[in-house]
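Enquirer:
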Amino acid sequence: KNEVEQSPQNLTAQEGEFITINCSYSVGISALHWLQQHPGGGIVSLFMLSSGKKKHGRLIATINIQEKHSSLHITASHPRDSAVYICAVEGGATNKLIFGTGTLLAVQP
Amino acid sequence: SAVISQKPSRDICQRGTSLTIQCQVDSQVTMMFWYRQQPGQSLTLIATANQGSEATYESGFVIDKFPISRPNLTFSTLTVSNMSPEDSSIYLCSASDPGVFRNTEAFFGQGTRLTVV
């Protein structure tokens, strides 16, 4: 079993829909990251969470430390949101990240 | 925040040859990492690039295959040596600095898409 599990693996949505991507982890962590990877391969950091909730534009990320679960929400989705969204957790003092397998999101106009 | 310039962005190489990938950060950072992402897979850490000393490799990765340099706090290189088609992947560098950025926020290069033929 992977230490970081994401669901769904693939998601197709219509423009304007509210989208939720889930991440569960089985290890103790100091922080959780949500990342966005575009087809060229480059990765952009969206959020880093250690508790509670963060919001940036149409993106919202929440984390429940007790349940070892995080969600990434996209409101009013747009085709430009189409990308792979990756959950990664960080534990210990080494700043190493453990990555989920990613969620491939396609938003259709 | 930090900006990481990674190059080349992509390359097609002959088996048996070597490719060196460079990452330049626009500020000094304590930690730099190199990852591999095989087709359809998640990212796997190859090694932590240590400034002024030998890199720390993860299980399954060795210095002879993936030599890494880190001559200063803003630059690192990864070489993929004696390549085979199984080395075809996206290679990414990452940087973080708990003392500078927000906690341990990670920044990534644009990735190098390597195809070995």
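Protein sequence lines correspond, in order, to chains F and S. With the numbering used here, the residue at position 8 of the first sequence is 61, and numbering never jumps. With the numbering used here, the residue at position 97 of the second sequence is 286, and numbering never jumps. For every residue, glycine included, the Cβ atom is placed at its ideal position computed from N, Cα and C. All values derive from a computational prediction rather than experimental measurement.
Which residues of chain S have a Cβ atom closer than 7 angstroms to the Cβ of His-86 of chain F, listed in chain order?
Expert: Taking the first residue of the first sequence as 1, we reach residue 86 of chain F at position 33. Ordered by position in chain S, the residues that pass the 7 angstroms Cβ test against His-86 of chain F are Ala-295.
Enquirer: For a test of the three-state rule: what should DSSP assign to Arg-204 of chain S, helix, strand or coil?
Expert: As a working mapping, residue 204 of chain S is identified with position 15 in the second sequence. Residue state, collapsed to three classes: coil.
Enquirer: Measuring CA to CA, which of F:Gln-62, F:Gln-89, F:Leu-99, F:Ala-141 is closest to Ser-83 of chain F?
Expert: For the purposes of this step, residue 83 of chain F is taken as residue 30 along the first sequence, with counting starting at 1. Closest option to Ser-83 of chain F, Cα to Cα, is F:Ala-141.
Enquirer: Could you tell me whether the Cβ of Thr-81 of chain F comes closer than 9 angstroms to any Cβ of chain S?
Expert: Start at 1 with the first residue of the first sequence, and residue 81 of chain F comes out as number 28. Here residue 81 of chain F is Gly; the residue named in the question, Thr, does not match the sequence. No, no contact with chain S.
Enquirer: Using a Cβ-Cβ cutoff of less than 6 angstroms, which residues in the same chain neighbour Thr-219 of chain S once the five nearest sequence positions on both sides are dropped?
Expert: Counting from one through the second sequence, the residue named residue 219 of chain S turns up at place 30. So the qualifying residues of the chain are Asp-286.
Enquirer: Identify the contact partners of Lys-149 of chain F in chain S, using a Cβ-Cβ distance below 8 angstroms as the criterion.
Expert: Translated into positions along the first sequence, residue 149 of chain F becomes position 96. By Cβ distance, chain S contributes Phe-222, Leu-234, Thr-237.
Enquirer: In whole angstroms, what separates the C-alpha of Asn-117 of chain F from that of Leu-125 of chain F?
Expert: Taking the first sequence and counting its residues from 1, one reaches residue 117 of chain F at position 64. Taking the first sequence and counting its residues from 1, one reaches residue 125 of chain F at position 72. Rounded to the nearest angstrom, the two C-alpha atoms are 12 angstroms apart.
Enquirer: So, is Asp-276 of chain S buried or exposed, given that buried needs 16 or more other C-beta atoms within 10 angstroms?
Expert: Reading the second sequence from its first residue, position 87 is the one you call residue 276 of chain S. Burial call: buried.
Enquirer: Take Ser-270 of chain S and list the residues in its own chain whose beta-carbon comes closer than 6 angstroms to its own, dropping the five residues that flank it on each side.
Expert: One-based indexing of the second sequence puts residue 270 of chain S at position 81. So the list reads Ser-207, Lys-254, once near-sequence residues are dropped.
Enquirer: Name, please, each residue of chain S whose Cβ falls closer than 8 angstroms to the Cβ of Gly-105 of chain F.
Expert: The sequence position of residue 105 of chain F within the first sequence is 52, counting from 1. Here the premise fails: no neighbours, minimum Cβ distance about 14 angstroms.
Enquirer: With the cut-off set at 9 angstroms, would you say Val-80 of chain F and Gly-144 of chain F are in Cβ contact?
Expert: The residue labelled residue 80 of chain F in the question sits at position 27 within the first sequence. The residue labelled residue 144 of chain F in the question sits at position 91 within the first sequence. Yes, the pair counts as a contact, with Cβ atoms nearer than the cut-off.
Enquirer: The beta strand (DSSP E) that contains Glu-284 of chain S, what's its start and end?
Expert: For the purposes of this step, residue 284 of chain S is identified with residue 95 of the second sequence, where counting begins at 1. In the sequence under discussion, the amino acid at residue 284 of chain S is Ala, which differs from the Glu named in the question. Start and end: 278 to 285.
Enquirer: Compute the Euclidean distance between the alpha carbons of Asp-200 of chain S and Gly-95 of chain F, then round it to the nearest angstrom.
Expert: Here residue 200 of chain S refers to the residue found at position 11 of the second sequence. Here residue 95 of chain F refers to the residue found at position 42 of the first sequence. The alpha-carbon atoms of Asp-200 of chain S and Gly-95 of chain F are separated by roughly 15 angstroms.
Enquirer: Establish whether the CB of Ile-74 of chain F and some CB of chain S are separated by less than 9 angstroms.
Expert: If you number the first sequence from 1, residue 74 of chain F lands on position 21. Not closer than 9 angstroms to any Cβ of chain S, the Cβ of Ile-74 of chain F fails to qualify, so no.
Enquirer: Taking C-beta to C-beta, are Ser-231 of chain S and Phe-152 of chain F nearer than 9 angstroms?
Expert: Here residue 231 of chain S refers to the residue found at position 42 of the second sequence. Here residue 152 of chain F refers to the residue found at position 99 of the first sequence. It is a contact, given that the beta carbons lie within the stated cut-off.
Enquirer: Thinking C-alpha only, which one of S:Ser-273, S:Phe-264, S:Phe-297 is nearest Tyr-280 of chain S?
Expert: For this step, residue 280 of chain S is matched to residue 91 along the second sequence. The candidate whose alpha carbon is nearest that of Tyr-280 of chain S is S:Phe-297.
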